[in-house]
Each structure stands twice: as structure tokens, then as C-alpha cells.
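Here's the structure we're looking at; comments come further down.
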């Protein structure tokens, strides 16, 4: 005890050192497992990196493979160009020239609709109402409007050729600060990449299933590459006015009556005179049935059997016009 009292400072220092050593050993042991896990993760990432770099050396085989891929892409573009048209450069038009072009295009579409018997909304401007009331346009807008105007003209010509009953709406995506505030626009944007240009549109029309089939077939055969993204069909409501290609309801079809065949039988006396034999002259003769068309007017109390009675449809199509990018 006397020695401890004489060396109290040394004893306290030694005890503190032992405590610190124990804490260090505990921390080292507790972190050893975490360090092992981190090292294993690092080794895995290193192995992945080495695997990704394996075979990436620019040797002759890799260079040949890259050239083959480029040739394959060029061949694909050449084949696609035979089906998908190349986007043409938008003409440089002044504001007045665009106003004239827009007016002539809309007037031509209205005339075609009238000639085809297709009903249009009152003062329908085919998504260009704001431009019809303006003479000055934001810079760069005309170059974006001209392709959309051409696409809408091509789409409407297909609908008019199919003689749908009524064209109710056309929508496009906004491409100018002036394209705001009306129901003529849809959500989305025109997508342009190294392959092509993708412009979405939406049209709504009324007609029968025959007109819908004609429209879809015309889109498939169109020189413009028009992709039908979706088709939404519901029964049409409201007035269904006169239009082309099926504006009137189809006339119900009625079955013709089936009269029974009449035949003449041989009397017993005729049979005896013939010697008990059935001669050809006195053989029962079956008369040919005569069919008559039933009149379309029905008598009171009679019920006509309707074979076909088609209902008008309200159709909404989501379309996408695809063009190859001319810069490639």
C-alpha cells in the first residue's frame, strides 16, 4: 500500500491505459465484420469492372463487329425509307403567305367534307382557330405549324374518302406560344430523335362499323406513315344527321316466304284405265315452287323479322404520324 501511495500517479495512469486499450480492442473487433463486408463488396465491384472491360480492346474482331452493326443500321434505314417518308424541310413563309396557305387549306377541306357528305362543327378551323384570327405570329412558329397542317389535311382526306357521317373534333399538340387556351390541343409533344419525327394527333368522328373499317384500312394503305395507337368506340348519342356513306340507317332485311310445292295425284279410275300401271302421262307431277318477295309494308298485327339493324358509333382515334429525320 505504501508503494501505491508513493506511485499513485503511475497507478492511475496505468489503469487508464488499460481501460483505453480495452475500448480499442472492443472497437476493433466490432468493426472487423463491417470491414470484411466492405472488402467483399469492393472485390465484387472490381470483378464486375474487369468483366465489363474484358474483350473491349479495339482488336480486329471488335472493329469488324462494329462495322457490321453500322451496315445493318444503314440497311434498315434504307428499307424503312421505302415505307416511311422522309420529313421535308418546312418552307420559309412570311406571315401573310402562311395566312393565305392556311385559308386555302381550310377552305379546301371544308369543300371536300361537303362533297363527301361529312358534317363538320360550325366554323370548324381544324385546330387553327387562333391563327385564322391573327396576322402576326411568334418567330419560329410557322415552321412548326406547316408539318402539322399537312398531317391534318392528310388525315381528314382519309376520313372524307371513307365518307364518315360527321367529323366532330381534331386535336394536335401545341408547338408555339400561340397554341393555348382552346380544346384543339392534346397533351404530349412532337418527338424528334436520330431516327425520325413522331407527331401525335387525335380525331373524333361518328359513323357505322363499315366507315370505321374503311378508315382503318385507308390508314394502313396511306403513303403517309400513320400509326393507329388506340381506338375508342362507344354508341353515338344525340342527333345523327345526314352524312356520307351510311348517314341513313340501314334498311332491315326480310326473309322471303317459302310456298309449298303443289302436286296432282292420279284418281282410281285413271289408274284402272291405264291397266293398273302408272303411266308417265298420269304420274303425279310436282309443280316448281314459285317464290315471291314479301312486301315491305306489314299488315296490322304482323311482326317483321329484323336481320340487320346497325347502330351509329362515336369513334376516337389516337394517331401518330411518323417521318424519317432528313438530317440522317
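In our numbering, the protein residues as written are 2 to 329. Glycine included, every Cβ here is placed at the ideal spot set by N, Cα and C.
Between the CA atoms of residue j and residue i - distance to the nearest angstrom
i: residue 141; j: residue 44; result: 55 Å
i: residue 103; j: residue 225; result: 20 Å
i: residue 157; j: residue 68; result: 44 Å
i: residue 311; j: residue 133; result: 39 Å
i: residue 174; j: residue 41; result: 53 Å
i: residue 198; j: residue 223; result: 17 Å
i: residue 73; j: residue 163; result: 39 Å
i: residue 76; j: residue 221; result: 23 Å
i: residue 95; j: residue 150; result: 16 Å
i: residue 117; j: residue 131; result: 27 Å
i: residue 1; j: residue 155; result: Since the first residue shown for the chain is 2 and the last is 329, residue 1 is missing from the structure and cannot be characterised.
i: residue 11; j: residue 50; result: 55 Å
i: residue 29; j: residue 13; result: 24 Å
i: residue 15; j: residue 31; result: 24 Å
i: residue 294; j: residue 123; result: For residue 294, the pLDDT reaches just 46, beneath the cut-off of 50, and the residue's location in the model is therefore unreliable, although a value from the coordinates is still provided. Each residue's Cα considered, the two are about 45 Å apart.
i: residue 23; j: residue 17; result: 10 Å
i: residue 218; j: residue 78; result: 25 Å
i: residue 48; j: residue 63; result: 22 Å
i: residue 108; j: residue 80; result: 37 Å
Closest by C-alpha distance to residue i, when choosing among the options
i: residue 318; options: 183, 238, 159 and 224; result: 159
i: residue 315; options: 169, 179, 63 and 118; result: 169
i: residue 143; options: 99, 124 and 172; result: 99
i: residue 344; options: 41, 21, 324 and 137; result: One cannot answer for residue 344 here, as it falls past the ends of the chain, which runs 2 to 329.
i: residue 209; options: 48, 323 and 166; result: 166
i: residue 196; options: 323, 50, 54 and 33; result: 323
i: residue 128; options: 179, 85 and 22; result: 179
i: residue 194; options: 18, 327, 3 and 90; result: 327
i: residue 237; options: 71, 206 and 27; result: 206
i: residue 234; options: 218, 313 and 219; result: 313
i: residue 227; options: 112, 109 and 84; result: 84
i: residue 202; options: 123, 231, 31 and 29; result: 231
i: residue 92; options: 113, 33, 18 and 145; result: 145
Simplified DSSP assignment, three categories, for residue i
i: residue 236; result: strand
i: residue 115; result: helix
i: residue 104; result: helix
i: residue 126; result: coil
i: residue 191; result: coil
i: residue 37; result: helix
i: residue 12; result: helix
i: residue 246; result: Bear in mind that a pLDDT of 38 at residue 246, under 50, signals an unreliable position, so the model cannot answer this.
i: residue 200; result: strand
i: residue 89; result: coil
i: residue 144; result: helix
i: residue 167; result: strand
i: residue 226; result: strand
i: residue 210; result: helix
i: residue 172; result: strand
i: residue 109; result: helix
Cβ-Cβ separation, residue j to residue i (assumed contact under 8 Å), whole Å
i: residue 119; j: residue 161; result: 5 Å
i: residue 87; j: residue 325; result: 5 Å
i: residue 200; j: residue 126; result: The Cβ separation is near 19 Å, so there is no contact.
i: residue 147; j: residue 171; result: No, residue 147 and residue 171 are not in contact; Cβ-Cβ is about 16 Å, not under 8 Å.
i: residue 139; j: residue 177; result: 6 Å
Residue i beta carbon near the ligand COA (any heavy atom closer than 7 Å)
i: residue 16; result: This structure lacks the ligand COA; in fact it carries no ligand of any kind.
Exercise for the section: May I ask you to verify whether the segment 184-194 touches the segment 207-224, counting CB pairs closer than 8 Å and requiring at least 3? Expected result: No: fewer than three Cβ pairs fall under 8 Å.
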